[in-house]
Each structure stands twice: as C-alpha cells, then as structure tokens.
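Just so you know, we're using my numbering here: the sequence shown kicks off at 10 and counts up by one.
Heads up, the beta-carbon is just placed ideally off N, CA and C, and yes, glycines get one too.
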Amino acid sequence: MFDQDTWRRQIADQLNGFARNPRQEIQLAGAPSLLSYLVARTLAPFLEAFQREPIAAVLTLAAITHSPGADQIVQRAARMRYQSAAQIDRELRASRDIRIAVEQLLLELQTIALVRQRLNGGREEWARGTLDRELDLFTGEFTQLRRALTDPGWQTRSDALRALRNRKGRYTPADLVLIHDGLTDSAAHVRAAAARMLGLIAEPPGSLLQKTLVRVALHDSDAETRVAAARAIGMLREYITTPQLLDQLSSCVFSDDSFVRSSAALVLGELGDMVSAPMLIKHLTKLLTDTDPYAREAAARALGRIGAAAATPDVFAALQLAIEDNEITVHEAASDALARLRDVRQASTLLVATPA
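Okay, here's the thing in structure tokens:
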C-alpha cells in the first residue's frame, strides 16, 4: 500500500539519473528550473498512486500537509499526472497555496535531503546555489526551504556518512539511499565509510544493499574498502549468509584475479563458524598454497576463524606447512590459525569427556 516510506523510496529511484548528471536530467525532463524539476519528481509517485489507490494516496498526502494547496493537488491530480515539468512549473508559479504544500512535501519526504546526500563537491554547491537563486523569485516564501539550504548540515557525502553514527544503526530510507550511493562513490574513502555504516544497521538490510556490499567486498579496487566491506558482512552475517552467497564465495576462491581470491577468503573468515561446508574448507585449504601471499594469509586466518568445522587432520597438516612460508604475514596467520583450532579441538574433547 502507498505510504510515506514508499513515496520516499520512489522519489529516491527517480533521482538516480539526476545524481549522475543533474543538468542533463533537468533538460531531458523539460524543466525550466531545478525547483520545478524537484517538485515534478516529488509529486510523480503520488500522482501515479492516485490512479491505482486514490484513498491511500490522499491519506498519505494529508498526513504530511492539510493545506489548501494539498486540496488543489488532489483536485488536479488526474491532469497533473500527464503534465510536463514545464507545465507543473506554471502551476507552481500560479498558486501560492500549491507552493506552500510543495515546500512541506520537499522537506518531509526528504527530497532536499536526498539531493544533498547524492551530490558531491561542485555539483552539490551548484544545486544549493541554484535553488537559492530560484527561491529569490518568491519573496517572503519558502522560508523553511531556505533554512534547509543554509543549514550547516548541507554536507558532503563523506560528512553525511560520518554523521550516521548518531543513528545507532536505525536508519531512515534517505539514510539507506545515502549508504547505497556511498558504496558506489568514486572516492575510495567514501565507499569504505558507507560499508562501515551499513555494518551497523539494526535490522536486515535490503537485497540491493546486500548485493552491493558483497560486490564491493570482492571486487573493489581499493584494499581498505574491501576490508571494510568484508568486516561489514561479518557484522551482518546472521542476516546475509545464504547458500547463494557461499556458492558465490566458493567460485571466487578460484578467480583468475588474485585480489578476488584473497577477498573471498577474507569474507569467509568474517563469516566464521557460519562456514561449515566441507567443500568450502577444502577450497580454503588449497588456497594456502596460492601464488599470492595475501590470498595465503587470508585463507589461513579464515580457517582459524571457522573453528570446529575446520579442525580436521587435512587442515592441520596444511597449516603446519604454511607455518614454513617465507612470508612473515602468512607464517603468523598460519600459527594463529593452528593455535585457534587446537584450542577448539581441545575444548571439544573436554566437552565430550565431561559426564552429563
């Protein structure tokens, strides 16, 4: 059913192209201004929903604004659905009541927040400056919107991601859009920050976020970002571990790309004792002799973290050989893994020997 969360998500979807190339998207939409473009994108989900489930659409609108402008939007909904952004711009200029209602929608549905979060650097400054100039045409109006534009909270994506720590994992739909966009940002430090914030989420992340996080963990070009994404997967392992993910990781262990092989082992290590399939453990054991020292180190650490399922004679023998590795990091990882698995085996033996 259409509600505010659905409305926000659909606005976010409509802004995908805008984030990539704002000026081009405005031109393609035929919008004479950034303001009219954002208003058209904000109203579009409501106008579509009004045709399918008018009662839910009207109730959702009424929960945000009871103004006369909201009544005008409802009365003109059938016509506005097929209007271009230029025509909506004319409606906006002609009716002060509609402008009041639209201001509330832009803020309450977080359209402005989404724009702020999705744009970086020069584009962000351009959007803020452009909106500010356009609002000057409406003297004495859009005071809340102006305040939002001058608020110090108008942040770069990196700053906005850092600020999410205050949420304690309880993210809004706009926050989740920010995190997803952060995972695909051109800057490695932003991708890493987005992965860390996703790892703190207080509920199961959506499938798109999960897939994006896994892709970053396995294929990102930056080592720090891959590590951050792998650790986030580990923090979310109760939600994210599926047979499909394990199959994907299993195939990546044999990738031609050494970075992908080591990344797959790193993720398996973060999943820990949720990895129990003998075939996966066999693949990791084989990776101990990989040509890439990072893959060998990651495989050794993963086996140690898997625990009981990896405490087999074959794994012990392979780790014993890995201790002789010329690379100190591999030697240390194998030594640590052996110590962990010996402790696990000893604890298991004591548990079996203890009478009920």
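It is roughly 17 angstroms from the alpha-carbon of Arg105 to the alpha-carbon of Leu116. In this structure, Glu306 lies near Ala342, with their beta-carbon atoms less than 8 angstroms apart.
About 7 angstroms separates the CB atoms of Ser259 and Met288; that is less than 8 angstroms, so the two are in contact. Under the DSSP assignment, Asn25 falls in the alpha helix (DSSP H) whose first and last residues are Asn25 to Arg29.
Contact annotation: Ala49 and Ala58 have beta-carbon atoms that are not nearer than 8 angstroms.
For Ala87, the enclosing alpha helix (DSSP H) begins and ends at Ala86 to Met89.
Taking C-beta atoms under 8 angstroms as the contact rule, His228 and Val269 qualify, at a distance of about 7 angstroms.
Closest option to Ile210, judged by alpha-carbon separation, among Leu68, Ile249 and Asp299: Ile249. Ranked by how close their Cα comes to the Cα of Ala86, the residues Ala72, Arg61 and Ile109 have Arg61 in first place. For Glu212, there is no enclosing alpha helix (DSSP H), as DSSP gives it neither H nor E. Rounded to whole angstroms, the gap between the alpha carbons of Ala226 and Arg88 is 47 angstroms.
Take Ser285, set aside five residues on each side of it, and the residues of its chain with a beta-carbon closer than 7 angstroms to its own are Ala318, in chain order.
Judged by beta-carbon spacing, Leu222 lies beyond the 8 angstroms limit of Thr120, meaning their Cβ atoms are not closer than that value.
Cβ atoms of Ala197 and Thr234 come within 8 angstroms of each other, at about 5 angstroms. In this structure, DSSP gives His75 a state outside helix and strand, which the three-state scheme calls coil. Distance from the CA of Arg179 to the CA of Arg205, rounded to the nearest whole angstrom, comes to 14 angstroms. In terms of Cβ geometry, Ala320 and Leu350 form a close pair [threshold 8 angstroms].
Excluding its 5 nearest sequence neighbours in each direction, Asp14 has C-beta neighbours in its own chain below 8 angstroms: Pro182, listed in chain order. In the three-state reduction of the DSSP assignment, Glu306 falls in the helix class, which pools H, G and I. Counted as a single uninterrupted DSSP element, the alpha helix (DSSP H) harbouring Ala239 occupies residues Ala232 to Met244. According to the DSSP assignment, Gly278 belongs to the alpha helix (DSSP H) that extends over Ser267 to Leu280. Counting of Cβ neighbours within 10 angstroms places His189 among the buried residues, the total reaching 16 or more. Put simply, the backbone Cα of Ile337 is about 39 angstroms away from that of Leu217. For Ile97, the uninterrupted alpha helix (DSSP H) segment begins and ends at Ala94 to Ala103.
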